[in-house]
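The block underneath contains the structure these notes are about, expressed in structure tokens.
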Ligand code: HEC
Ligand code: HEC
Ligand code: HEC
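Rendered as structure tokens:
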């Protein structure tokens, strides 16, 4: 009896570790989201121009009364408040349901809308001193990508994360045109100063 009990307890204790291991194997380690304030410190120009884009404002689309005709046409209720709806939040906030990601407007205001890390990857690791930092301006891109940075951001990244037919508004018949959307949807692009290869 004692032996069985012991086995049960041991299993319970190591289970979360096993689950974590399995997840890491499948998806790689999950880095945490840190919010736009951190990126803004070193990338003020990108931040300012991103703020003006539809991406930064994507959360507002979930509010009642916004785009009523388009919502009706897509089979949604124009008067409903979708700002806490788990069906919508994964693509209209940053990192919803993931470590450090969006929880609510009150708790995580830095993660409202489609912000830096939705396109460039969760930043908890790659912004450490030994990776992308003012002390290491000449980081090697491959090294930073290994710890979670997504760069360059491609059309595939956009369709994988948001612009796919899980959205009520993405037209299956019309492929996502990355080249046309890049300028209106991301931010002003400033050539990098340092070498990273
Ligand atoms: C402490 C400063 C610092 C912080 C904080 C920081 N970065 Fe950077 N980042 C840099 C530097 C320095 C470069 C290289 C700039 C250059 O070459 O001109 C860079 C480059 C980049 C690049 C280009 C990558 C490449 O080489 O292709 C991206 C994308 C980027 N940062 C995104 C972010 C995001 C997103 C955040 C927030 C999660 C962030 N950065 C936070 C300093 C920082
Ligand atoms: C898989 C990601 C995804 C999910 C889930 C999602 N959206 Fe979106 N949503 C998008 C994308 C991408 C666009 C922009 C489409 C475009 O312009 O190409 C968008 C656009 C919109 C728009 C503007 C449409 C227009 O043409 O005016 C509204 C409103 C909207 N979404 C509401 C919602 C609501 C409400 C939900 C939940 C029921 C939801 N979305 C779920 C990705 C998503
Ligand atoms: C909707 C996606 C998207 C969002 C949101 C986004 N970026 Fe980018 N970012 C891009 C694309 C696309 C590029 C250009 C990739 C390329 O050069 O091929 C880029 C390039 C960059 C670069 C390289 C230099 C440049 O200006 O092109 C930096 C630095 C950067 N982003 C930082 C940020 C920061 C900081 C934020 C948040 C304030 C942010 N990005 C938000 C898509 C995005």
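In our numbering, the protein residues as written are -1 to 195. Cβ atoms here follow ideal geometry from the backbone N, Cα and C, with glycine treated the same way.
Would residue i be called buried (16 or more neighbouring beta carbons within 10 Å of its own) or exposed?
i	result
residue 113	buried
residue 69	buried
residue 188	exposed
residue 104	exposed
residue 19	Low local confidence applies: a pLDDT of 48 at residue 19 is under 50, so the model's placement there is unreliable, with the coordinate-based value given in what follows. Residue 19 should be labelled exposed.
residue 182	exposed
residue 195	exposed
residue 82	exposed
residue 64	exposed
residue 123	buried
residue 191	exposed
Using a Cβ-Cβ cut-off of 7 Å (strictly less than) and excluding sequence neighbours within five positions of residue i, which residues of its own chain qualify?
i	result
residue 174	153, 156, 157, 161
residue 168	161, 162
residue 93	31, 99, 100, 109, 115, 120
residue 86	60, 80
residue 137	129, 130, 194
Hey, quick one: how far does the alpha helix (DSSP H) through residue i stretch, first residue to last?
i	result
residue 42	42 to 49
residue 90	87 to 90
residue 107	That residue, residue 107, is in no alpha helix (DSSP H); it is neither H nor E in DSSP.
residue 57	Note, residue 57: premise wrong, no alpha helix (DSSP H); not H, not E.
residue 116	114 to 118
residue 179	176 to 183
residue 139	139 to 144
residue 154	153 to 159
For residue i, list the residues DSSP reports as bridge partners.
i	result
residue 131	134
Within its chain, find whatever has a CB closer than 6 Å to the CB of residue i; leave out the 5 residues flanking it on each side and keep chain order.
i	result
residue 23	With a pLDDT of 44 at residue 23, under the threshold of 50, the modelled position of that residue is not reliable, and no figure is offered here.
residue 76	66, 69, 70
residue 108	33, 34, 35
residue 97	28, 30
Using only CA atoms, which one of the options lies nearest to residue i?
i	options	result
residue 127	145, 78, 34	145
residue 55	135, 185, 131	185
residue 48	117, 137, 142	117
residue 40	4, 170, 131, 179	131
residue 60	42, 91, 51, 43	91
residue 111	88, 122, 97	88
residue 179	46, 53, 44	53
With a threshold of 8 Å on Cβ separation, who are the neighbours of residue i within its own chain once the five nearest residues in sequence on each side are excluded?
i	result
residue 73	166
residue 151	117, 118, 184
residue 170	163
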